[in-house]
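Asks:
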Amino acid sequence: MIRYILGRLLGIALVLLVVSIVIFLLMHAIPGGPFDEAKMPLPAAAKANILRKYGLDKPLYEQYARYMWAALHGDFGTPFQSPTESVTGLIARTWPVSFKLGMVTLAFALPLGMFAGVLAATRQNTWIDYTATFLSSLGLTIPNFVIAVWLMLLFAVHWKILPTGGWGHWYNYIMPAISLGLAPMALTARYTRTSLLEVKRADYVRTARAKGLSSNQVLWRHSMKNALIPLITILGPQIPNLITGTIFVESIFRIPGLGKFFVTSIFRRDYPMIMGTLLLVALVWSIVYLITDLLYMVVDPRVRLDKKSS
Amino acid sequence: MHSSKLALSKRMLAVIAILLLAGLLQACAGAPAAEAPAAAETGGEAAGPVVNALGKELPADAAPLEQQVLVYPYAAGNTFTTIDIYEAVYQRADGLTDLLSDALVRVDKNFDLHPGAATEWSVDESGLAWTFKLDPNLMWNDGTPVTADDYVATLQYGADPEHAWDFTWYFNGVIKNWSQVVAGEMPLEDLGVRAEDANTLVVETETPAPYLPAMLIYSTPLQKKALGEYGPLYNSNPETSVSSGPYKLVEWSRDQRLVYEINPDYKGTNVPYIEKIISLGIGNDGYLPAYEANEIDFALGRYLSPADIQIILSDPELKAQYHPHPGDFRTYYFFFDDSKPPFDDLRVRQAFAYALDRQGLIDNVIKEQGIPAYSFLMPGFPASNSEAYKDIYPYNLDKARELLAEAGYPNGEGFPKLTLTLRNEPAMPEAVAQAYASTLKDELGIEVDVSNMEFKTYVDAMLADPTEIQFSLISYGMDFLDPSNMLGVFVSGGRHTWSNPEYDELVTKASSFVGDPAERIKMFQDAEKILVDDVGGVFVYHQTPGDLYKPYLVGEALTPDNNGVAAWHWPGFSGFSTLMQDVYISNEVTDYRPTPPQ
Numbered sequence: 007m008i009r010y011i012l013g014r015l016l017g018i019a020l021v022l023l024v025v026s027i028v029i030f031l032l033m034h035a036i037p038g039g040p041f042d043e044a045k046m047p048l049p050a051a052a053k054a055n056i057l058r059k060y061g062l063d064k065p066l067y068e069q070y071a072r073y074m075w076a077a078l079h080g081d082f083g084t085p086f087q088s089p090t091e092s093v094t095g096l097i098a099r100t101w102p103v104s105f106k107l108g109m110v111t112l113a114f115a116l117p118l119g120m121f122a123g124v125l126a127a128t129r130q131n132t133w134i135d136y137t138a139t140f141l142s143s144l145g146l147t148i149p150n151f152v153i154a155v156w157l158m159l160l161f162a163v164h165w166k167i168l169p170t171g172g173w174g175h176w177y178n179y180i181m182p183a184i185s186l187g188l189a190p191m192a193l194t195a196r197y198t199r200t201s202l203l204e205v206k207r208a209d210y211v212r213t214a215r216a217k218g219l220s221s222n223q224v225l226w227r228h229s230m231k232n233a234l235i236p237l238i239t240i241l242g243p244q245i246p247n248l249i250t251g252t253i254f255v256e257s258i259f260r261i262p263g264l265g266k267f268f269v270t271s272i273f274r275r276d277y278p279m280i281m282g283t284l285l286l287v288a289l290v291w292s293i294v295y296l297i298t299d300l301l302y303m304v305v306d307p308r309v310r311l312d313k314k315s316s
Numbered sequence: 029m030h031s032s033k034l035a036l037s038k039r040m041l042a043v044i045a046i047l048l049l050a051g052l053l054q055a056c057a058g059a060p061a062a063e064a065p066a067a068a069e070t071g072g073e074a075a076g077p078v079v080n081a082l083g084k085e086l087p088a089d090a091a092p093l094e095q096q097v098l099v100y101p102y103a104a105g106n107t108f109t110t111i112d113i114y115e116a117v118y119q120r121a122d123g124l125t126d127l128l129s130d131a132l133v134r135v136d137k138n139f140d141l142h143p144g145a146a147t148e149w150s151v152d153e154s155g156l157a158w159t160f161k162l163d164p165n166l167m168w169n170d171g172t173p174v175t176a177d178d179y180v181a182t183l184q185y186g187a188d189p190e191h192a193w194d195f196t197w198y199f200n201g202v203i204k205n206w207s208q209v210v211a212g213e214m215p216l217e218d219l220g221v222r223a224e225d226a227n228t229l230v231v232e233t234e235t236p237a238p239y240l241p242a243m244l245i246y247s248t249p250l251q252k253k254a255l256g257e258y259g260p261l262y263n264s265n266p267e268t269s270v271s272s273g274p275y276k277l278v279e280w281s282r283d284q285r286l287v288y289e290i291n292p293d294y295k296g297t298n299v300p301y302i303e304k305i306i307s308l309g310i311g312n313d314g315y316l317p318a319y320e321a322n323e324i325d326f327a328l329g330r331y332l333s334p335a336d337i338q339i340i341l342s343d344p345e346l347k348a349q350y351h352p353h354p355g356d357f358r359t360y361y362f363f364f365d366d367s368k369p370p371f372d373d374l375r376v377r378q379a380f381a382y383a384l385d386r387q388g389l390i391d392n393v394i395k396e397q398g399i400p401a402y403s404f405l406m407p408g409f410p411a412s413n414s415e416a417y418k419d420i421y422p423y424n425l426d427k428a429r430e431l432l433a434e435a436g437y438p439n440g441e442g443f444p445k446l447t448l449t450l451r452n453e454p455a456m457p458e459a460v461a462q463a464y465a466s467t468l469k470d471e472l473g474i475e476v477d478v479s480n481m482e483f484k485t486y487v488d489a490m491l492a493d494p495t496e497i498q499f500s501l502i503s504y505g506m507d508f509l510d511p512s513n514m515l516g517v518f519v520s521g522g523r524h525t526w527s528n529p530e531y532d533e534l535v536t537k538a539s540s541f542v543g544d545p546a547e548r549i550k551m552f553q554d555a556e557k558i559l560v561d562d563v564g565g566v567f568v569y570h571q572t573p574g575d576l577y578k579p580y581l582v583g584e585a586l587t588p589d590n591n592g593v594a595a596w597h598w599p600g601f602s603g604f605s606t607l608m609q610d611v612y613i614s615n616e617v618t619d620y621r622p623t624p625p626q
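Line by line, the protein sequences are chains A and B.
Numbering of the first sequence is given in the numbering used here, commencing with residue 7 and proceeding in unit increments.
Numbering of the second sequence is given in the numbering used here, commencing with residue 29 and proceeding in unit increments.
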């Protein structure tokens, strides 16, 4: 087990190295740079000054080598967009905000989604099932920015019971968490329902029933555990998306999170921030997949991750 | 017994719920209860006129001092590095900036120049050396005087190759030795800017530049001492920030908001009424809701979507709060790569000019957001002569077809397929491009695709040598109020391939012409006629952005100007504008926000 995890971590390090090279090459392949010529062409000398200031006058391999050398020493550079802090400082300031919001979202979306799914599956083909299915289709198809605007119009403009945005109070979580959470909640509900219905017909469930267990015991002890497997597969990828922040919801609700930097870094050709944000995403995804794989082992005894021991 | 217990707990639940709700409501309103008695003390009671910390008496209908708070948004989707123009122009906060020192000159609502930090200025016989006399009263709020050295240090910082300012082109060829200093060929000390004594600043120009004072609206200085002690970003932190302007920085919460308060140590003449400014970051789609929820006093029109504008115009209350104005005198125009066929042929460009139905576009697409443009300079801009060019290329499809046939493309046969490229434009200009493209296709038989490119990718392609943009819709808004600024865009060697020696000569000559101003204007107008005649561009519309602001924002600056525009317009609320001297919050504010925003 430990060996397996160590092996995976080594793999992640290799992935990050490859990702860093790819991102570095790609971002320098985009036309333009951290200068602005919207109004008039910059005089050649002025442009050269800007390139020199950011170290962009050096050959690419040298820029990459310098970046990696500094990064290995913990220095990921200075964001062009925020020269008073470091890339790591900026991420340390904004990521916790996005992370907290993502966690709050997951904390209500997952249990509620599972509850709705169980309800729908145990009352298959009743009005409860139909309502839950209908609502979860809506949740999946309406984009979060539409939900965000609706919520804002209702709660802030019409009823005036919440401010349109801001950060720092518990009530600032309400609208963004709902906007972000409806889709994962709907997804959870649908997959819970489908996989529960599937295992409902499995032999071991019939056996459990035949032994005279109550339907609640069958549901929670036998069906649910197996139904969780596909759910883990589906939900794993939802998590990195939620905890690394989303540009739209953060921007409309005035949340000082990391989300917008994924976009502004590219628009501004803020190379250190592009590297910083994308490496962070690569790292989070790798770790989430590792955890997902470990969870399979916990939930499903048939899964053995460490091949040699099996 | 049992039931009364139940009843009690139910009542308790209700009480808890009400308390929670009340707490929530209070928290939302953001109003600490302690604020109320303060309001009664200073505001009401008719105890005589209210005077602010700078000794300025508030008008009779003004709200109490603590309600003189302006909440003004910036686009939260953007990031910015500075609130100082000499640090960066394009990475500057797009809310309220340049409030921490006084520019040499100021502009009023009629775009007339007034003394700012400079009480007077003059130019010598040669027309090359300008002397600005500084107001000797000006002080930084650390107790040191504002001197000509601060202005020299600031302009030197602008030219410093190591700083690599993003706006260096602005003074290129204007301030003496500017471009050589930027290129690192001359030391900073050789820049044509010097302090003759503590209160006398001399600026030398390469050629006579009668527009120099107008250009120097962008001269809010940094403090030389702070530049040396804390570096150029000293205004990023209230601890190191220092102000000689009407406001001081009290808070900068990254990605959330900036807060300024009136500077009680201000010694200048741009004395405001507004006590506190909260510059709040708001996402584009949050603008209108936040405005309707009374969380912001002002909503910048350029961040409102076409759908928002429709909502505003169909709601009588909002419509009354919507104030169209010329903005930065922005003109949208089509341009061509006329260094190569087919656009090197004047007849082809003329055909394209005749094919543009401006009125149709205004009626169906642009609506309230623009007026037809027959030339580059918008009515109201110095030297604008729009009406005179109206009939040079009126909408006439027959004429267009005829010219196209003469050029060898009857019914568009043999005409290469075109891509009409846009520079990351919002929905409305894109619709204008689509409409024109379909006219070209349906009426002239020319195949046109519209492609809206990412901003920097476009700019890179446009400025490539040779240019990669063959046909495009783009806009330009002025930087300062002189025809030399706008018309300079089409001078050879700029961003367009169109080149006309006669035009170049006229614009260059007029720019540095120091004689009769009327004669100078005439030269610019002659030049602009060449630009239209020779189809340097096909001018489509002048943008008239509207801003939304609350009816409790009042003052002389918001009443009709010489052009009949009653709006909070350029140069807005800044260190080079007189607007802040007039604008205040009337007591009507309590109908919208009973307590001041925190």
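Note that the Cβ used here is the ideal one computed from N, Cα and C, for glycine as well.
Which residue marks the beginning of the alpha helix (DSSP H) containing Pro344 of chain B, and which one marks its end?
Replies: Here residue 344 of chain B refers to the residue found at position 316 of the second sequence. Its alpha helix (DSSP H) spans residues 344 to 348.
Asks: Examine the Cβ distances between the region 88 to 106 of chain A and the region 246 to 261 of chain A and report whether three or more of them are shorter than 8 Å.
Replies: Contact between the region 88 to 106 of chain A and the region 246 to 261 of chain A is present, because at least three Cβ pairs lie under 8 Å.
Asks: Give me, in chain order, the residues of the same chain whose beta-carbon lies closer than 8 Å to that of Gly201 of chain B; leave out the 5 immediate sequence neighbours on both sides.
Replies: On the second sequence, position 173 is the one that residue 201 of chain B refers to. Answer for Gly201 of chain B: Ser207, Glu234, Thr235, listed in chain order.
Asks: When you check each C-beta in the region 49 to 70 of chain A against every C-beta of chain B, which residues fall closer than 7 Å?
Replies: Pro49, Ala51, Ala52, Asn55, Ile56, Lys59
Asks: Check whether chain B comes within 8 Å of Val304 of chain A, counting only Cβ atoms and requiring the distance to be less than that.
Replies: Indexing the first sequence from 1 puts residue 304 of chain A at position 298. Chain B, which has no Cβ nearer than 8 Å to the Cβ of Val304 of chain A, makes this no.
Asks: Within 10 Å of its beta-carbon, does Val133 of chain B have 16 or more other beta-carbons around it, so buried, or fewer, so exposed?
Replies: For the purposes of this step, residue 133 of chain B is identified with residue 105 of the second sequence, where counting begins at 1. With 16 or more Cβ atoms within 10 Å of its Cβ, Val133 of chain B is classed as buried.
Asks: If you count every other CB in all the chains shown that lies within 10 Å of the CB of Asp510 of chain B, and 16 or more means buried, which is it?
Replies: For the purposes of this step, residue 510 of chain B is identified with residue 482 of the second sequence, where counting begins at 1. It is buried - the Cβ of Asp510 of chain B has at least 16 other Cβ atoms within 10 Å.
Asks: So that I know if they touch, is there some Cβ in chain B lying closer than 8 Å to that of Lys266 of chain A?
Replies: Along the first sequence, read from residue 1 onward, the residue named residue 266 of chain A stands at position 260. Lys266 of chain A counts as touching chain B.
Asks: Between the beta-carbon of Gly408 of chain B and the beta-carbon of Gln571 of chain B, is there less than 8 Å?
Replies: If you number the second sequence from 1, residue 408 of chain B lands on position 380. If you number the second sequence from 1, residue 571 of chain B lands on position 543. Going by C-beta atoms, Gly408 of chain B is not nearer than 8 Å to Gln571 of chain B.
Asks: Alpha carbon to alpha carbon, what distance is there between Arg285 of chain B and Trp249 of chain A?
Replies: Position 243 of the first sequence, counted from the first residue, corresponds to residue 249 of chain A. Position 257 of the second sequence, counted from the first residue, corresponds to residue 285 of chain B. Going by the sequence as given, residue 249 of chain A is Ile instead of Trp. Cα to Cα, Ile249 of chain A sits roughly 23 Å from Arg285 of chain B.
Asks: Between Ala61 of chain B and the rest of its own chain, which residues show a CB-CB distance below 6 Å, the 5 nearest in sequence each way excluded?
Replies: If you number the second sequence from 1, residue 61 of chain B lands on position 33. With a pLDDT of only 37 at Ala61 of chain B, under 50, the local geometry of the prediction cannot be trusted, and the value read off the model is given with reservation. None.
Asks: For His147 of chain B, which of B:Pro241, B:Lys84, B:Tyr198, B:Ile111 has the nearest alpha-carbon?
Replies: If you number the second sequence from 1, residue 147 of chain B lands on position 119. At residue 147 of chain B the sequence reads Thr, which differs from the His that was named. Among B:Pro241, B:Lys84, B:Tyr198, B:Ile111, the Cα nearest to that of Thr147 of chain B belongs to B:Pro241.
Asks: When burial is assigned at 16 or more other CB atoms within 10 Å of the CB, is Pro307 of chain A buried or exposed?
Replies: Position 301 of the first sequence, counted from the start, is the residue given in the question as residue 307 of chain A. By the 10 Å Cβ count, Pro307 of chain A comes out exposed.
Asks: Could you round the C-beta distance between Lys347 of chain B and Ile340 of chain B to whole angstroms and report it? I think they count as a contact, below 8 Å.
Replies: Position 319 of the second sequence, counted from the start, is the residue given in the question as residue 347 of chain B. Position 312 of the second sequence, counted from the start, is the residue given in the question as residue 340 of chain B. With a Cβ gap of about 6 Å, Lys347 of chain B and Ile340 of chain B count as contacting.
Asks: Which first and last residues belong to the alpha helix (DSSP H) in which Gly388 of chain B is found?
Replies: Within the second sequence, the letter at position 360 stands for residue 388 of chain B. Unbroken alpha helix (DSSP H) run through Gly388 of chain B: 386 to 389.
Asks: Specify the secondary structure class of Ile148 of chain A as computed by DSSP and reduced to three states.
Replies: Reading the first sequence from its first residue, position 142 is the one you call residue 148 of chain A. In the structure shown, Ile148 of chain A sits in coil (DSSP, three-state: anything other than H, G, I, E or B).
Asks: Verify whether the separation of the beta carbon atoms of Ser307 of chain B and Tyr100 of chain B is less than 8 Å.
Replies: For the purposes of this step, residue 307 of chain B is taken as residue 279 along the second sequence, with counting starting at 1. For the purposes of this step, residue 100 of chain B is taken as residue 72 along the second sequence, with counting starting at 1. It is a contact, given that the beta carbons lie within the stated cut-off.
Asks: How many angstroms separate the CA atom of Gln87 of chain A from the CA atom of Pro529 of chain B?
Replies: By one-based count along the first sequence, residue 87 of chain A stands at place 81. By one-based count along the second sequence, residue 529 of chain B stands at place 501. So the alpha carbons of these two residues sit roughly 41 Å apart.
Asks: Would you tell me roughly how many angstroms separate the C-alpha atoms of Asn590 of chain B and Asn138 of chain B, rounded to the nearest one?
Replies: On the second sequence, position 562 is the one that residue 590 of chain B refers to. On the second sequence, position 110 is the one that residue 138 of chain B refers to. If you take the alpha carbons of Asn590 of chain B and Asn138 of chain B, they lie about 6 Å apart.
Asks: Is there a C-beta anywhere in chain B that falls below 8 Å from the one on Leu107 of chain A?
Replies: In the first sequence, residue 107 of chain A corresponds to position 101, counting from 1. Cβ-Cβ to chain B under 8 Å: no for Leu107 of chain A.
Asks: Our contact map puts Gly187 of chain A next to Thr111 of chain A with C-beta atoms below 8 Å; I'd like the distance itself, whole angstroms only.
Replies: Indexing the first sequence from 1 puts residue 187 of chain A at position 181. Indexing the first sequence from 1 puts residue 111 of chain A at position 105. Sure, about 4 Å apart at Cβ, within 8 Å.
Asks: Let me check you understand the geometry: is the CB of Ser503 of chain B closer than 7 Å to at least one non-hydrogen atom of the ligand SAH?
Replies: Within the structure as shown, the ligand SAH is missing, as the structure has no ligands at all.
Asks: Starting from the N-terminal side, write out each stretch of the beta strand (DSSP E) that is 3 residues or longer and does not extend beyond the region 80 to 120 of chain B.
Replies: 97 to 103
Asks: Output needed in chain order: residues of the region 303 to 333 of chain B with a Cβ under 8 Å from some Cβ in chain A.
Replies: Within the region 303 to 333 of chain B, contact with chain A at the beta-carbon level (separation under 8 Å) is assigned to Leu308, Gly309, Ile310, Gly311, Asn312, Asp313, Gly314, Pro317, Ala318, Glu320, Ala321, Glu323.
Asks: Mind reading off the beta-carbon distance from Ile134 of chain A to Leu125 of chain A? Whole number of angstroms is fine, and I expect it under 8 Å.
Replies: As a first step, residue 134 of chain A is located in the first sequence; it is residue number 128 there, counting from the start. As a first step, residue 125 of chain A is located in the first sequence; it is residue number 119 there, counting from the start. Right, their Cβ atoms sit about 6 Å apart.
Asks: Any residues in the region 483 to 500 of chain B with a beta carbon nearer than 8 Å to a beta carbon of chain A? Which ones, in chain order?
Replies: Phe483, Lys484, Thr485, Val487, Asp488, Ala489, Leu491
Asks: Which value, in whole angstroms, describes the spacing of the CA atoms of Val287 of chain B and Phe195 of chain B?
Replies: Numbered from 1 along the second sequence, position 259 holds the residue referred to as residue 287 of chain B. Numbered from 1 along the second sequence, position 167 holds the residue referred to as residue 195 of chain B. Approximately 26 Å, taken between the alpha carbons.
Asks: Measuring CA to CA, which of B:Tyr361, B:Phe326, B:Asp372 is closest to Tyr350 of chain B?
Replies: To locate residue 350 of chain B, count along the second sequence from 1; it is residue 322. For the options B:Tyr361, B:Phe326, B:Asp372, the alpha carbon positioned closest to that of Tyr350 of chain B is the one of B:Phe326.
Asks: Within the continuous alpha helix (DSSP H) that includes Ala192 of chain A, where are the two ends?
Replies: Position 186 of the first sequence holds residue 192 of chain A. Start and end: 180 to 206.
Asks: So does the region 468 to 476 of chain B actually touch the region 440 to 453 of chain B, counting three or more Cβ pairs closer than 8 Å?
Replies: yes
Asks: My output table needs one value for Gly58 of chain B: the three-state DSSP class, helix, strand or coil.
Replies: As a working note, residue 58 of chain B is residue 30 in the second sequence. With a pLDDT of only 39 at Gly58 of chain B, under the threshold of 50, the placement of this residue in the model should not be trusted, and no figure is reported.
Asks: How would you write the range of the beta strand (DSSP E) that Ile290 of chain B sits in, first residue to last?
Replies: Position 262 of the second sequence, counting from 1, holds the residue named residue 290 of chain B. That run of the beta strand (DSSP E) goes 285 to 290.
Asks: Provide the residue(s) that pair with His570 of chain B in DSSP beta bridges, ordered along the chain.
Replies: Translated into positions along the second sequence, residue 570 of chain B becomes position 542. Within the DSSP bridge table, the entry for His570 of chain B names B:Thr359, B:Ile399 as partners.
Asks: Of the residues that make up the region 199 to 210 of chain B, which ones have a beta carbon closer than 7 Å to any beta carbon in chain E?
Replies: In summary, chain E is missing from the structure at hand, where the protein chains are A and B.
Asks: Between the region 79 to 100 of chain A and chain B, which residues of the former have a C-beta closer than 9 Å to a C-beta of the latter?
Replies: Correct list: Pro85, Phe86, Gln87, Ser88, Pro89, Thr90, Glu91, Leu96, Arg99, Thr100.
Asks: So with CB distances below 8 Å, who are the chain A contacts of Asn106 of chain B?
Replies: Your numbering for residue 106 of chain B matches position 78 in the second sequence. The answer, in chain order, is Thr270.
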